[in-house]
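Residue 55 in the numbering used here sits at position 52 of the sequence shown, with consecutive numbering throughout.
All C-beta atoms, glycine included, are put in the ideal place defined by N, C-alpha and C.
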Amino acid sequence: MRAAQPLSDATPPAANKPVAAEADKPAAAEQTPGQAKKKAVPTNYASIVQQRPGQNTLVIDYLWKVHDKTSVEVRLVPTDEAESAIVAPLYFLSEYLRGDVPKKVYHCLDAGGDHDVIESFTKDKTEFRVVGLRNSLGRPAVMVVPRDMAVKKHGKEAEFVPSLRAVFLTLDCWAVNDRMLTLDVPREGFSKPGQLHVWFMRGERVLWEEAVAWPGRK
């Protein structure tokens, strides 16, 4: 099994979450005088492909390998909830990956090769399910699927419901090469069509983001 990318030692989040700084972006190659201009090749993009029936995969082209302590977060905004949805990342690495959570992540990574392994923890009225699985690349990998606590109704106990989010960790396990990631979006909470918001994170910094059309699942 390939060595997993180190996880972040969590640090307190900044007061204002910064967006990508110019220094964080891969430098563009310089063109020598007289060099013929080549046709521009699209880079830094996200798209949705169907690897197999019922399984939609998020494909990202971004030079992820040059960064450390990275993750990818996604948030589905269903079409019928677009006006009221709060669209922002969780900042999982900086705000939640602390205490014994890294141990849970690595346990799921090590044990999730043959069958799915789930560890969980609760914080801020959210249950985080750390899932170890064998991904569509045939490798053990880890994702985090949050669930939010529903409001009590008619005297019934509150329950956790899908938050329409997922966090992908140890990105080398999801990588085809130094640029391309193939991320298996979980089934839970992603049944409706809408916009899938994608954030490439380094610690608490958003290095790149994009929104793509999400077809939903029948």
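Whole-number beta carbon distance between residue j and residue i, since they are thought to touch under 8 Å
| i | j | result |
| --- | --- | --- |
| I63 | L210 | Not confirmed; about 12 Å, so no contact. |
| I236 | V133 | Since the first and last residues shown for the chain are 4 and 221, residue 236 lies out of range. |
| M152 | K126 | That pair is no contact at about 11 Å. |
| F193 | S74 | The pair is not a contact, with the Cβ atoms about 18 Å apart (cut-off 8 Å). |
| T60 | P196 | Contact doesn't hold; Cβ gap of about 16 Å is too wide. |
Which listed residue (the options) has its alpha carbon closest to that of residue i
| i | options | result |
| --- | --- | --- |
| M216 | E84, D117, V80 | Note on residue identity: the sequence assigns Ala, not Met, to residue 216. Of E84, D117, V80, the residue nearest in Cα terms is V80. |
| G102 | F124, G219, G116 | F124 |
| F203 | P149, F163, V164, L174 | L174 |
| L112 | V90, P92, E191, G135 | G135 |
| V148 | A161, E130, T60, S139 | E130 |
| R220 | E191, R208, H200 | E191 |
| Y94 | R208, P218, E212 | R208 |
| S139 | K159, G116, Y99 | G116 |
Beta-carbon proximity of residue i to residue j, cut-off 8 Å
| i | j | result |
| --- | --- | --- |
| A178 | Q198 | no |
| K72 | R182 | no |
| V69 | R78 | no |
| E76 | R168 | yes |
| V201 | A49 | yes |
Beta strand (DSSP E) segment containing residue i, residue limits
| i | result |
| --- | --- |
| F203 | 197-205 |
| L172 | 168-172 |
| D181 | Here D181 belongs to no beta strand (DSSP E), and DSSP marks it neither H nor E. |
| G2 | An answer regarding residue 2 cannot be provided, because it is not within the stretch 4 to 221 covered by the chain. |
| T125 | 120-126 |
| N47 | Careful: N47 lies outside any beta strand (DSSP E) and carries neither H nor E. |
Boundaries (first-last residue) of the alpha helix (DSSP H) holding residue i
| i | result |
| --- | --- |
| E98 | 95-98 |
| V108 | 104-114 |
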